[in-house]
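Below: the structure, in structure tokens.
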Amino acid sequence: MYKKVILFIFILPVILCFVSKENGYEKQRKDMVEHQIKARGVKDERVIGAMLKVPRHHFVPLDQRKNAYSDSPLPIGEGQTISQPYIVALMTELLKLKSSDKVLEVGTGSGYQAAILAEIVDEVYTIEIIPTLAKRADSTLKTLGYENIKVKSGDGYLGWEEYTPFDAIIITCAPPYIPKPLIDQLKQGGKIVVPLGEEWKAQILTLIEKVKGGLKITPIEYVRFVPMKGKIEEEK
Ligand code: SAH
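If you're matching positions, the sequence shown starts at 5 in our numbering and goes up one per residue.
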């Protein structure tokens, strides 16, 4: 009994510290949603709910946790970045997702965007070309309990044939054009959101809808993403 009391006295401050830190992050998430996301016009309640819920600080390196909810992209290692919160929310909103949708993401990075999607839809498939990032994102997502996300290490150019067709595709690295396999793997009526453009040049966040007889293309706004690597570079 005496030993148990001593142990409790030592563990209690650790628990209290953890709880107060998590409360601090929750407050930062609320501020992020108010000032960065709602203030810029994102309205979809499910997107807002997901942005309020997903603990973004778990998706950034430890030395970046203090900046996790700031209004900017952040480095995640391997020369890659986690996107700015507003851009994650905007891209997700543009897809107008239904809970029964099956979504493919190209460019897993930290896994944050995949987690936001997984709060809204039943199935998320995400592909990352850098194996260490794919492994880390998979482990973060498993630790947080996401069972509806499958992570694959590989070139997203080719899509993910096994789970085709997709209701929506989100590309979070910038290709100069949409790889054909991704168009083929999209359902009729489905949507792709993608930052289109050459490396170091202006990229335009673009919404593409697969409509009868072709593609409907809507430019949204200028953005800056890391370039798509792999097979697409060979085609230049
Ligand atoms: N969605 C991510 C951020 C993406 S950063 C997040 O929420 O954190 C863009 C990512 O795309 C990088 O990790 C980069 O390695 C990856 N990438 C680049 N080319 C790719 C390709 N051809 N296939 C899959 N991933 C690719």
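All C-beta atoms in this analysis are idealised placements derived from N, C-alpha and C, irrespective of residue type, glycine included. All values reported here derive from a predicted model rather than from experimental measurement.
Looking at the backbone, the Cα of Glu49 and that of Gly217 are separated by about 32 Å.
In the structure shown, the three-state DSSP call for Gly201 is coil. A straight-line Cα-Cα distance of about 9 Å links Ser87 and Ser114.
Each residue's CA atom was taken as its position, placing Leu108 and Val58 some 19 Å apart. For Glu109, the enclosing beta strand (DSSP E) stretches over residues 106-110.
At a threshold of 7 Å, Gly160 counts as near the ligand SAH, since its beta carbon sits closer than that to one of the ligand's heavy atoms. Taken from the Cβ of Lys8, every heavy atom of the ligand SAH lies 7 Å or farther away. In the DSSP annotation of this structure, the continuous segment of the beta strand (DSSP E) that includes Pro79 starts and ends at 78-81.
A straight line joining the alpha-carbon of Glu165 with that of Met95 spans about 23 Å.
By a beta-carbon distance limit of 8 Å, Thr112 does not contact Ala93. Their separation comes to about 18 Å. Excluding residues up to 5 positions away in sequence, Asn71, Ala72, Leu78, Ile80, Ile86, Ser114 lie with their Cβ nearer than 8 Å to the Cβ of Val64 in the same chain. For the pair of segments examined, the region 212-231 was found to touch the region 170-188: the number of CB pairs separated by less than 8 Å reaches three.
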